[in-house]
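Novice: Structure in structure tokens, see below.
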Amino acid sequence: MKRPIIAGNWKMNNTNAGTKALLTELAPLVKDAKCEVVVCVPFTDIDTARKAIRGTKIKLGAQNVHWAPKGAFTGEISAEMLKELKVEYVIIGHSERRQYFGETDASVNARLKAAVGAGLKAIVCVGETLEEREAGKTNEVVTRQINGAFEGLEKIALKSIVVAYEPVWAIGTGKTATAEDANDTIAVIRKAIRKLYGRTAAGAMRIQYGGSMNPKNASELMAMPEIDGGLIGGASLKAEDFAKVVNY
Ligand code: 13P
């Protein structure tokens with residue numbers, strides 16, 4: 054059995070003071086969680102978060118990582134820098150990075166290789182825009198994103214990778230994909246992984262749903278056979294809500 058993974062993506066929210074308060078409130082609420090629990094915090098909150106989650110069920114994640122080990126890349130953070138701060142997970146290729154910061158399938162691939170090469174675990178995001186969905190291109194888009202992200206990656210690396218399916222139109226909008234639609238598209242994603250790495254590896258891959266997932270819809274989404282977890286934005290900023298999703 055795969056262990057489900059529920060991760061909070063805080064995006065650009067919470068100062069150090071807010072981080073400490075939120076995680077202190079969250080820790081006792083998720084102490085009996087059956088799934089893996091991760092919080093992906095802003096770079097500047099990592100050290101505070103690390104201290105606040107010591108001795109708890111909560112694991113530490115970041116929201117991006119650069120592809121180069123070091124060098125002249127103003128404003129970027131390397132995998133080694135994250136490792137030093139005991140970061141375990143890192144989100145790669147979130148749609149907001151693709152949309153606002155020019156992230157492409159090729160840069161996602163380069164960042165993914167750097168992350169797993171340095172011993173980080175990655176949460177690789179894919180998902181179609183509303184325009185792509187309405188044009189009937191969802192399956193084509195997620196398949197292209199998977200092929201791009203995994204280009205040249207050895208099968209062994211899959212053990213350190215989680216995929217998140219986040220339809221862009223469902224992020225922060227209150228619109229959730231129906232559980233059936235999310236399940237169907239995740240099946241397409243798994244098929245793309247199967248074509249690259251075979252049935253066993255694809256079956257073992259944990260694939261999350263993300264996009265307006267909240268305490269009300271979490272259990273329905275998590276009951277779907279293809280859905281192995283959630284990547285939670287807005288609802289991860291309130292301890293009580295995030296705990297309810299974790300304890301779906
Ligand atoms: P919301 O849960 O706020 O829709 O955000 C989803 C998301 O982008 C998580 O990475």
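Throughout the sequence shown, residue numbering follows our numbering, covering 54 to 301 in sequence. Glycine residues also receive a C-beta, built at the ideal position from the N, C-alpha and C atoms. Source: prediction; values computed, not measured.
Quick check on glutamate 204: does DSSP put it in helix, strand or coil?
Specialist: As a working mapping, residue 204 is identified with position 151 in the sequence shown. The answer is coil: DSSP assigns glutamate 204 none of H, G, I, E or B.
Novice: Would the stretch 65–78 and the stretch 101–109 be scored as touching if the rule is three or more Cβ pairs under 8 Å?
Specialist: Contact holds: three or more Cβ-Cβ distances are below 8 Å.
Novice: Between the stretch 119–129 and the stretch 162–172, do three or more beta carbon pairs fall short of 8 Å?
Specialist: Yes, since at least three Cβ pairs between the stretch 119–129 and the stretch 162–172 fall closer than 8 Å, the two stretches touch.
Novice: Could you check if glycine 264 belongs to the surroundings of the ligand 13P, using beta carbon to heavy atom distance under 7 Å?
Specialist: Here residue 264 corresponds to residue number 211 of the sequence shown, with the count starting at 1. Glycine 264: yes, Cβ under 7 Å from the ligand 13P.
Novice: Return the CA-CA distance between alanine 47 and leucine 290, expressed in angstroms with no decimal places.
Specialist: With the chain covering only 54 through 301, there is no way to say anything about residue 47.
Novice: For tyrosine 218, count neighbouring C-beta atoms within 10 Å of its own C-beta (all shown protein chains included) and say buried if the count is 16 or more, exposed if not.
Specialist: Position 165 of the sequence shown, counted from the start, is the residue given in the question as residue 218. Classification for tyrosine 218: buried.
Novice: For a test of your reading of the model: does the CB of glutamate 219 fall under 7 Å from any non-hydrogen atom of the ligand 13P? Yes or no.
Specialist: Within the sequence shown, the letter at position 166 stands for residue 219. Checking the Cβ of glutamate 219 against the ligand 13P gives yes.
Novice: Tell me whether leucine 274, by its Cβ, gets closer than 7 Å to a heavy atom of the ligand 13P.
Specialist: Locating residue 274 in the sequence shown gives position 221, where the first residue counts as 1. Flag unset: Cβ of leucine 274 not near the ligand 13P.
Novice: Any beta carbon from chain B within less than 8 Å of lysine 212's own beta carbon?
Specialist: Of the protein chains in this structure there is only one, and it is not chain B.
Novice: In three-state terms, what does DSSP make of asparagine 236?
Specialist: Locating residue 236 in the sequence shown gives position 183, counting from the first residue. Residue state, collapsed to three classes: helix.
Novice: Output yes or no for whether 8 Å exceeds the beta carbon distance between valine 92 and glycine 114.
Specialist: Taking the sequence shown and counting its residues from 1, the one referred to as residue 92 is at position 39. Taking the sequence shown and counting its residues from 1, the one referred to as residue 114 is at position 61. In contact: valine 92 and glycine 114 (Cβ atoms closer than 8 Å).
Novice: For alanine 288 and aspartate 294, which I take to be in contact (beta-carbon distance under 8 Å), what is that distance rounded to the nearest angstrom?
Specialist: Position 235 of the sequence shown, counted from the first residue, corresponds to residue 288. Position 241 of the sequence shown, counted from the first residue, corresponds to residue 294. With a Cβ gap of about 4 Å, alanine 288 and aspartate 294 count as contacting.
Novice: Under a three-way DSSP split, which group does glutamate 129 fall into?
Specialist: The count along the sequence shown starts at 1 and reaches residue 129 at position 76. Glutamate 129: coil per DSSP, three-state reduction.
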